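*Asks:* Sharing a structure below in structure tokens format, with a few things to ask.
Number of protein chains: 2
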Amino acid sequence: MYPSSLEKLIEQFRSLPSVGRKTAERYAMAVLEMPEEKVENFAELLQDVLHKIKRCPVCGNLTENEQCEVCSSKERDRTTICVVQQPKDVMALEKLGQYNGLYHVLHGAISTVKGVLPEDINIESLFERIDENTKEIIIATNSTLEGDTTALYLTKRLKEYENISVTRLASGLPSGGNLDYADDVTLMRAFQGRIKQ
Amino acid sequence: MYPSSLEKLIEQFRSLPSVGRKTAERYAMAVLEMPEEKVENFAELLQDVLHKIKRCPVCGNLTENEQCEVCSSKERDRTTICVVQQPKDVMALEKLGQYNGLYHVLHGAISTVKGVLPEDINIESLFERIDENTKEIIIATNSTLEGDTTALYLTKRLKEYENISVTRLASGLPSGGNLDYADDVTLMRAFQGRIKQ
């Protein structure tokens, strides 16, 4: 019943993650309320992103340039590589301002359920970029079944590099978390990973 | 830290209703995963909607044509006008398939809190289109403070048309609603509007 171009835009919004019919309708209506130049700008940005954004050939992070900001920076510590699943994980870690090494973005995780194999994600290029300068590889995959599987796979393959120390982000109670609200796996991990005071 | 075009697209997504930073990031990432022609299509649709969709000069509903589908149809009952707040309300009523009259879309509601006056919404054109054929006006504004205010205003102004019957959608317990879960206003209205069996 909506005019056809509007109906098509609603369908397009529905293809975004977790957007149902009602939400898509709200978004389309919001577009109708926007000033003309904003909608033009929206359309241009979509095309910009399509044509400008590519993956950094070294680490796989998103960039508009030859190499990403981190890889091309001269101030980063090139002895450490932090392996993450998604570009947004790089953002999260950068926001902390604690880490000054390099990244490697897998763009996914190994999953037996979804049938994602190591060759389906950006994993081989990690081994290709390891050289005599690499001292530490921090595995910062999610603390989920898929993240764990990927971490296990990486740990196993990295064993052959004897001079590289392989670490993984600590797993345990989240800050502010109550012990009795924690699920069994979290609690078990917190227990197993207890630290001597 | 994201490349600038991506950052701008995230900001653009944030301007959609109820979209925060995290959701906007997810949407932008989803765009990056889309096949090229889909993104092109998305951009085109935004511009299509911008240039093609306009308000029907008679009822205010959205249309790509001279007049909207309902107003230009020869099969609709032209004696009844149903007044709604938004185009999506027309959709909701049309889905029922019960109503065969015309519509009038206000594109908003009178609100003392938000400072929306009758002249800010599409209300004058309603009085302009009333003619000797008009027999009933159904006020189908939302059952909210703003919808009620608008209904009150309409009822008052429509009093001068003696031959027109003015009705409003019934207010009461929603179907499947438990009495003890209903809020006070709903319960009071259901009580006041009780129907003789």
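For the protein sequence lines, the chains are A and B, in the order given. Sequential numbering of the first sequence, starting at 1, is according to the numbering used here. Sequential numbering of the second sequence, starting at 198, is according to the numbering used here. Where a beta carbon is used, it is the ideal one built from N, C-alpha and C, also for glycine. Note that the structure is a prediction, hence the values are computed from the model and not measured.
Distance, Cα to Cα, Leu-213 of chain A vs Met-231 of chain B?
*Replies:* There is simply no residue 213 of chain A to check, as chain A begins at 1 and stops at 197 in what is shown.
*Asks:* Taking Thr-63 of chain A as the query, report the chain B residues whose CB atoms sit under 9 Å from its CB, ordered along the chain.
*Replies:* Locating residue 63 of chain A in the first sequence gives position 63, where the first residue counts as 1. Residues of chain B passing the Cβ test: Pro-200.
*Asks:* Go ahead and pull the three-state DSSP assignment for Ile-137 of chain A.
*Replies:* To locate residue 137 of chain A, count along the first sequence from 1; it is residue 137. It is a strand residue.
*Asks:* What are the boundary residues of the alpha helix (DSSP H) that Tyr-350 of chain B is part of?
*Replies:* Within the second sequence, numbered from 1, the residue matching residue 350 of chain B stands at position 153. Per DSSP, Tyr-350 of chain B belongs to the alpha helix (DSSP H) from 342–355.
*Asks:* Can you pull the chain A residues whose beta carbon is under 8 Å from the beta carbon of Thr-214 of chain B, in chain order?
*Replies:* Here residue 214 of chain B corresponds to residue number 17 of the second sequence, with the count starting at 1. According to the sequence provided, residue 214 of chain B is Pro. The question's Thr does not apply to it. Neighbours of Pro-214 of chain B on chain A, chain order: Arg-26, Tyr-27, Ala-30.
*Asks:* From the DSSP output, read off the bridge partner residues of Ile-278 of chain B.
*Replies:* Residue mapping note: residue 278 of chain B aligns to position 81 of the second sequence, counting from 1. The partner list for Ile-278 of chain B (beta bridge, DSSP) reads B:Leu-299, B:Ile-334.
*Asks:* Tell me, please, whether the CB atom of Asp-245 of chain B is closer than 8 Å to any CB atom in chain A?
*Replies:* If you number the second sequence from 1, residue 245 of chain B lands on position 48. So, interface residue.
*Asks:* What residues from the region 107–123 of chain A come within 8 Å of chain B, judged by C-beta to C-beta, listed N to C?
*Replies:* Correct list: empty, as no residue qualifies.
*Asks:* Counting contacts by CB-CB distance shorter than 8 Å, is Met-188 of chain A in contact with chain B?
*Replies:* The residue you call residue 188 of chain A lines up with position 188 of the first sequence. Closer than 8 Å: no.
*Asks:* Please classify Ser-215 of chain B: does DSSP put it in a helix, a strand, or coil?
*Replies:* As a position in the second sequence, residue 215 of chain B is number 18, starting the count at 1. If DSSP states are grouped into helix, strand and coil, Ser-215 of chain B belongs with coil.
*Asks:* Could one say the Cβ of Gln-183 of chain B lies closer than 8 Å to chain A's Cβ atoms, at least one of them?
*Replies:* There is no way to answer for residue 183 of chain B, as the model of chain B reaches only from 198 to 394.
*Asks:* Does Glu-222 of chain B pass the burial test, meaning 16 or more other C-beta atoms within 10 Å, or should it be called exposed?
*Replies:* To locate residue 222 of chain B, count along the second sequence from 1; it is residue 25. Buried, by the Cβ-count rule.
*Asks:* Would DSSP call Thr-63 of chain A helix, strand or coil?
*Replies:* Mapped onto the first sequence, residue 63 of chain A falls at position 63. Thr-63 of chain A falls in the strand class under three-state DSSP.
*Asks:* Closer than 7 Å: is that where the CB of Met-1 of chain A sits relative to any heavy atom of the ligand GTP?
*Replies:* Looking at this structure, you won't find the ligand GTP or any other ligand, since it has none at all.
*Asks:* Got a sec: is the Cβ-Cβ distance from Glu-233 of chain B to anything in chain A below 8 Å?
*Replies:* Within the second sequence, the letter at position 36 stands for residue 233 of chain B. Cβ-Cβ to chain A under 8 Å: yes for Glu-233 of chain B.
*Asks:* Whole angstroms is fine: what's the gap from Ser-4 of chain A's alpha carbon to Thr-23 of chain A's?
*Replies:* The residue given as residue 4 of chain A occupies position 4 in the first sequence. The residue given as residue 23 of chain A occupies position 23 in the first sequence. Their backbone Cα atoms lie some 18 Å apart in a straight line.
*Asks:* Just curious, the alpha helix (DSSP H) that Thr-167 of chain A is in, first and last residue?
*Replies:* Along the first sequence, one-based indexing puts residue 167 of chain A at 167. No alpha helix (DSSP H) contains Thr-167 of chain A, which is instead part of the beta strand (DSSP E) from 165–168.
*Asks:* How would you list, in chain order, the residues of chain B whose beta-carbon sits under 7 Å from the beta-carbon of Ala-43 of chain A?
*Replies:* On the first sequence, residue 43 of chain A is found 43 positions in, with the first residue counted as 1. Residues of chain B passing the Cβ test: Ala-240, Leu-243, Gln-244.
*Asks:* Can you pull the chain B residues whose beta carbon is under 9 Å from the beta carbon of Lys-74 of chain A, in chain order?
*Replies:* If you number the first sequence from 1, residue 74 of chain A lands on position 74. Chain B residues near Lys-74 of chain A: none, gap ~17 Å exceeds 9 Å.
*Asks:* In angstroms with no decimal places, state the Cα-to-Cα distance between Glu-241 of chain B and Gly-369 of chain B.
*Replies:* As a working mapping, residue 241 of chain B is identified with position 44 in the second sequence. As a working mapping, residue 369 of chain B is identified with position 172 in the second sequence. Between Glu-241 of chain B and Gly-369 of chain B, the C-alpha separation is close to 44 Å.
*Asks:* Can you tell me whether DSSP reads Lys-251 of chain B as helix, strand or coil?
*Replies:* Start at 1 with the first residue of the second sequence, and residue 251 of chain B comes out as number 54. In the structure shown, Lys-251 of chain B sits in a strand (DSSP, three-state: E or B).
*Asks:* Using DSSP with H/G/I as helix, E/B as strand and the rest coil, what is Val-313 of chain B?
*Replies:* Here residue 313 of chain B is taken as the residue at index 116 of the second sequence, counted from 1. The answer is strand: DSSP assigns Val-313 of chain B an E or B state.
*Asks:* Compare the C-alpha of Thr-79 of chain A against each of A:Arg-168, A:Ser-125, A:Lys-95, A:Gly-101 and name the closest.
*Replies:* Here residue 79 of chain A is taken as the residue at index 79 of the first sequence, counted from 1. Ranking the options by Cα distance to Thr-79 of chain A, first place goes to A:Gly-101.
*Asks:* Using a beta-carbon distance below 8 Å, is Val-58 of chain A in contact with chain B?
*Replies:* Position 58 of the first sequence holds residue 58 of chain A. By this cut-off, Val-58 of chain A is not an interface position.
*Asks:* Tell me the rounded alpha-carbon separation between Leu-206 of chain B and Gln-389 of chain B.
*Replies:* Here residue 206 of chain B is taken as the residue at index 9 of the second sequence, counted from 1. Here residue 389 of chain B is taken as the residue at index 192 of the second sequence, counted from 1. Approximately 51 Å between the Cα atoms of the pair.
*Asks:* Would you give the residue range spanned by the alpha helix (DSSP H) that Arg-194 of chain B belongs to?
*Replies:* With chain B represented from 198 up to 394, any question about residue 194 of chain B goes unanswered, as that position is not in the structure.
*Asks:* Based on the DSSP secondary-structure assignment, which residues constitute the bridge partners of Ser-270 of chain B?
*Replies:* Residue numbering aside, residue 270 of chain B sits at position 73 when the second sequence is read from its first letter. Per DSSP, none; premise fails for Ser-270 of chain B.
*Asks:* Quick check: the region 260–273 of chain B against the region 312–328 of chain B, are there 3 or more CB pairs under 8 Å?
*Replies:* Judged by Cβ distances under 8 Å, the region 260–273 of chain B makes no contact with the region 312–328 of chain B, as fewer than three pairs qualify.
*Asks:* Can you say whether Asn-258 of chain B is buried or exposed, counting buried as having 16 or more other CB atoms within 10 angstroms of its CB?
*Replies:* Residue mapping note: residue 258 of chain B aligns to position 61 of the second sequence, counting from 1. Asn-258 of chain B is buried by the Cβ-count criterion.
*Asks:* Is the Cβ-Cβ distance between Leu-293 of chain B and Ala-337 of chain B less than 8 Å?
*Replies:* Here residue 293 of chain B refers to the residue found at position 96 of the second sequence. Here residue 337 of chain B refers to the residue found at position 140 of the second sequence. It is not a contact, given that the beta carbons lie outside the stated cut-off.
*Asks:* With a CB to CB cut of under 7 Å and the five nearest residues on each side skipped, what residues in its chain are close to Phe-210 of chain B?
*Replies:* For the purposes of this step, residue 210 of chain B is identified with residue 13 of the second sequence, where counting begins at 1. Val-216, Ala-221, Tyr-224, Ala-225, listed in sequence order.
*Asks:* Along chain B, in chain order, which residues have C-beta atoms closer than 9 Å to that of Val-39 of chain A?
*Replies:* For the purposes of this step, residue 39 of chain A is taken as residue 39 along the first sequence, with counting starting at 1. The answer, in chain order, is Leu-243, Gln-244, Val-246, Leu-247.
*Asks:* Could you name the residues of chain B that Glu-94 of chain A contacts, counting a contact when the two beta carbons are closer than 8 Å?
*Replies:* Taking the first residue of the first sequence as 1, we reach residue 94 of chain A at position 94. Result: Met-198.
*Asks:* How many whole angstroms separate the CB atoms of His-301 of chain B and Gln-283 of chain B, which I take to be in contact at a CB cut-off of 8 Å?
*Replies:* In the second sequence, counting from the first residue as 1, residue 301 of chain B sits at position 104. In the second sequence, counting from the first residue as 1, residue 283 of chain B sits at position 86. Actually they do not touch by this definition, with Cβ atoms about 12 Å apart.
*Asks:* Residues bridged to Ser-111 of chain A by DSSP?
*Replies:* Taking the first residue of the first sequence as position 1, residue 111 of chain A is located at position 111. A:Val-116.
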